[in-house]
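Remarks on the structure that follows.
There are 2 protein chains.
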Amino acid sequence: MMTQPNRIWTAALIVVGDEILSGRTHDKNIAQVAAWLGVQGIRLREVRVVPDVMDAIVEAVNALRVRNDYLFTTGGIGPTHDDITVDAVAQALGVPVVIHPRARAVLEAYYATRGGLNEARLRMARVPEGAGLIENRLSGAPGIQAGNIYLMAGVPSITAQMLDGLTGKLEGGLPLLAHTVGCWVAESEIADLLRETEAAFAGVAIGSYPFFREGRVGANFVIRSTDADILAACAHSLSNALAELDHEPVDGGI
Amino acid sequence: MMTQPNRIWTAALIVVGDEILSGRTHDKNIAQVAAWLGVQGIRLREVRVVPDVMDAIVEAVNALRVRNDYLFTTGGIGPTHDDITVDAVAQALGVPVVIHPRARAVLEAYYATRGGLNEARLRMARVPEGAGLIENRLSGAPGIQAGNIYLMAGVPSITAQMLDGLTGKLEGGLPLLAHTVGCWVAESEIADLLRETEAAFAGVAIGSYPFFREGRVGANFVIRSTDADILAACAHSLSNALAELDHEPVDGGI
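If you're matching them up, the sequences are chains A and B in order. Heads up, the first sequence is in the working numbering, so the first residue is 13 and it goes up one at a time. Heads up, the second sequence is in the working numbering, so the first residue is 13 and it goes up one at a time.
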């Protein structure tokens with residue numbers, strides 16, 4: 013395969029869960045998966061949070077799997093009646109759900125000292141036909157790889173284990189590097205400077221994120237580029253320009 | 013207008029922001045908007061997190077505004093070059109962007125003692141033609157209502173102010189009530205009981221959310237219904253059944 017150093021690799025994430033849409037549970041997987049993907053050199057392009065409803069999951073899977081290199085899901089792969097992500101992904105792919113022999117063996121070993129493998133627990137060995145497994149050292153039940161779709165747990169600590177098992181195994185491109193310039197200034201005072209600075213450095217994007225802290229208005233200007241030299245030059249330019257305008261930097265980093 | 017007591021009112025949310033997709037910022041608006049909608053009797057059906065990219069925002073707006081009663085957006089309505097949500101919503105609606113006279117007046121008053129209304133700040137008075145305003149007592153710049161679309165700030169404390177300004181103003185249905193039964197049991201031990209209990213009570217949904225705490229396995233079983241009596245009866249039934257199986261409740265609530 014030809015190496016494509018400038019190819020951008022993309023991913024999407026589907027968070028499956030009524031508990032997020034009700035506001036009861038604060039999602040932690042978006043930030044966790046996003047940060048992990050960044051390190052792999054893969055850009056998270058879109059996230060959808062959908063309910064525990066077959067049609068909603070299938071629609072999101074089909075929309076996102078074809079337009080991204082990778083699709084991740086979190087949630088809905090447990091042992092109870094509301095866990096239907098495997099069925100939805102299988103339906104989206106047009107394949108049956110089967111018991112994965114190695115997943116079954118992993119669960120048999122895990123539950124040998126925990127009451128045995130009952131019918132509900134065996135549900136966690138169900139995969140879309142042809143799928144592979146993602147190791148989970150925390151609680152036995154593995155994650156699932158079906159084509160370019162990676163099915164992870166809803167519990168963030170288990171998802172973390174599964175991401176750990178995948179680290180370095182997915183092809184990615186150049187990581188998007190970031191440098192944050194924090195400043196005690198209202199972003200609306202220096203909007204022109206931000207736009208002009210972004211335009212002056214090829215391939216750089218600057219995001220502006222205001223905050224209120226210690227009774228003062230400030231903002232973080234997050235500069236992103238895949239090129240470390242351009243990133244450093246842009247950050248230097250912006251910091252100097254802010255200093256020339258007598259705007260005080262935020263001490264001690266962000 | 014006919015009253016429709018059993019009509020279900022739905023909403024979707026679009027979170028606009030590279031900073032969420034990079035993993036740098038942990039989103040707080042999903043849970044905040046979700047919980048607020050619940051109190052209004054409106055069900056959050058889907059969330060999409062999209063980048064600060066015109067086509068991505070327009071696509072999400074058009075997909076979600078037609079199939080929900082309400083569409084909310086957070087982020088991208090500030091004064092800087094990366095704030096393009098107003099333009100995207102206007103494009104989705106096929107209307108031009110105009111300066112809203114009252115928004116301009118609000119901003120003029122707010123910035124009178126803060127350096128005056130410059131071109132960047134005036135950007136925050138731009139709205140899709142025909143739009144109304146949502147009050148923001150915290151930082152001047154208002155939210156925007158364009159048809160069934162509600163454009164809110166990205167900064168969670170400002171979004172909270174805008175939601176406060178909208179409280180009680182949107183038509184909703186019966187709130188979805190929830191009761192949580194916490195228990196020191198592996199959900200995989202009682203999956204049949206959960207499924208059967210859900211099936212035995214009309215209109216009830218039970219979600220199962222496992223946790224690991226104090227070195228033990230437990231789960232929260234979240235029962236939802238719009239009917240308080242059915243909800244109480246279902247919770248009573250599930251608690252009794254768990255007690256009969258000698259599973260210990262989680263003390264002190266969840």
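Note that beta-carbon positions come from the ideal geometry of N, C-alpha and C, so glycine has one too.
Kindly give me the distance between the Cβ atoms of residue i and residue j, rounded to whole angstroms, as I take these residues to be in contact under 8 Å.
{"i": "residue 163 of chain A", "j": "residue 89 of chain A", "result": "6 Å"}
{"i": "residue 159 of chain A", "j": "residue 105 of chain A", "result": "7 Å"}
{"i": "residue 94 of chain B", "j": "residue 109 of chain B", "result": "Going by Cβ atoms, the distance from residue 94 of chain B to residue 109 of chain B rounds to 16 Å, so no, they are not a contact pair."}
{"i": "residue 215 of chain B", "j": "residue 238 of chain B", "result": "7 Å"}
{"i": "residue 184 of chain A", "j": "residue 147 of chain A", "result": "Going by Cβ atoms, the distance from residue 184 of chain A to residue 147 of chain A rounds to 20 Å, so no, they are not a contact pair."}
{"i": "residue 92 of chain A", "j": "residue 199 of chain B", "result": "5 Å"}
{"i": "residue 272 of chain B", "j": "residue 201 of chain A", "result": "Residue 272 of chain B falls outside the range modelled here, since chain B spans only 13 to 266, and no answer is possible."}
{"i": "residue 169 of chain B", "j": "residue 150 of chain B", "result": "6 Å"}
{"i": "residue 72 of chain B", "j": "residue 112 of chain B", "result": "The Cβ separation is near 23 Å, so there is no contact."}
{"i": "residue 234 of chain A", "j": "residue 135 of chain B", "result": "Actually they do not touch by this definition, with Cβ atoms about 20 Å apart."}
{"i": "residue 76 of chain A", "j": "residue 114 of chain A", "result": "Incorrect: roughly 27 Å between the Cβ atoms, too far for contact."}
{"i": "residue 80 of chain A", "j": "residue 22 of chain A", "result": "5 Å"}
{"i": "residue 253 of chain B", "j": "residue 197 of chain B", "result": "At roughly 11 Å, the Cβ-Cβ gap does not stay under 8 Å, so residue 253 of chain B and residue 197 of chain B are not in contact."}
{"i": "residue 107 of chain A", "j": "residue 155 of chain A", "result": "Not quite, the Cβ-Cβ distance comes to about 18 Å (not below 8 Å), so this is no contact."}
{"i": "residue 83 of chain B", "j": "residue 32 of chain B", "result": "Actually they do not touch by this definition, with Cβ atoms about 18 Å apart."}
{"i": "residue 217 of chain B", "j": "residue 210 of chain B", "result": "7 Å"}
{"i": "residue 50 of chain B", "j": "residue 34 of chain A", "result": "6 Å"}
{"i": "residue 255 of chain B", "j": "residue 132 of chain A", "result": "Contact flag wrong, Cβ pair sits at about 20 Å."}
What is the DSSP secondary structure of residue i, reduced to helix, strand or coil?
{"i": "residue 13 of chain B", "result": "Its pLDDT being 48, under 50, residue 13 of chain B is placed unreliably in this model, and the coordinates cannot settle the point."}
{"i": "residue 25 of chain B", "result": "strand"}
{"i": "residue 56 of chain B", "result": "strand"}
{"i": "residue 20 of chain B", "result": "coil"}
{"i": "residue 145 of chain B", "result": "strand"}
{"i": "residue 51 of chain A", "result": "helix"}
{"i": "residue 45 of chain B", "result": "helix"}
{"i": "residue 34 of chain A", "result": "coil"}
{"i": "residue 237 of chain B", "result": "strand"}
{"i": "residue 153 of chain B", "result": "coil"}
{"i": "residue 63 of chain A", "result": "coil"}
{"i": "residue 249 of chain B", "result": "helix"}
How would you list, in chain order, the residues of chain E whose beta-carbon sits under 8 Å from the beta-carbon of residue i?
{"i": "residue 121 of chain B", "result": "Looking at the structure shown, chain E is missing, and the protein chains on hand are A and B."}
Ignoring anything shorter than 4 residues or poking outside the segment 68-140 of chain A, list the alpha helix (DSSP H) runs there in chain order.
Runs of the alpha helix (DSSP H) inside the segment 68-140 of chain A: 97-105, 113-123 and 131-134.
Pull out every residue of the segment 209-227 of chain A whose Cβ sits closer than 8 Å to any Cβ of chain B, in chain order.
Under the 8 Å Cβ criterion, the segment 209-227 of chain A contributes 210, 217, 218, 219, 220, 221, 222, 223 and 224.
Would the segment 30-48 of chain B and the segment 118-130 of chain B be scored as touching if the rule is three or more Cβ pairs under 8 Å?
No, because fewer than three Cβ pairs between the segment 30-48 of chain B and the segment 118-130 of chain B fall closer than 8 Å, the two stretches do not touch.
Taking beta-carbon pairs under 7 Å, can you tell me which members of the segment 135-166 of chain B lie near chain A?
none
At 4 residues or longer, what runs of the alpha helix (DSSP H) sit wholly inside the segment 159-233 of chain B?
Counting only runs of 4 or more, we get 168-178 and 203-212.
Evaluate contact between the segment 62-72 of chain A and the segment 17-29 of chain A, counting only Cβ atoms and requiring at least three cross-stretch pairs below 8 Å.
yes
Residues in the segment 22-53 of chain A having any Cβ partner in chain B nearer than 9 Å:
25, 27, 29, 30, 31, 32, 33, 34, 35, 36, 37, 38, 39, 40, 42, 43, 44, 45, 46, 47, 48, 49 and 50
Quick one, which residues of the segment 58-69 of chain B are near chain A if we go by CB-CB under 8 Å, in chain order?
Close to chain A, meaning a Cβ-Cβ distance shorter than 8 Å, are the following residues of the segment 58-69 of chain B: 58, 59, 60, 61, 62, 63, 64 and 68.
Chain-ordered residues of the segment 71-100 of chain B with a beta carbon less than 7 Å from chain A
Of all residues in the segment 71-100 of chain B, only 90, 91, 92, 93 and 94 come within less than 7 Å of chain A when Cβ atoms are compared, listed by chain position.
Does the segment 242-260 of chain A come close enough to the segment 179-196 of chain A to have 3 or more Cβ pairs within less than 8 Å?
yes
Compile a chain-ordered list of the residues in the segment 183-194 of chain A whose CB is closer than 9 Å to at least one CB of chain B.
188, 190 and 192
For the segment 194-207 of chain B, list every residue whose C-beta sits within 9 Å of some C-beta in chain A, in sequence order.
198, 199, 200, 201, 202, 203, 204, 206 and 207
Contact residues within the segment 232-257 of chain B, judged by C-beta distance below 7 Å to chain A:
234
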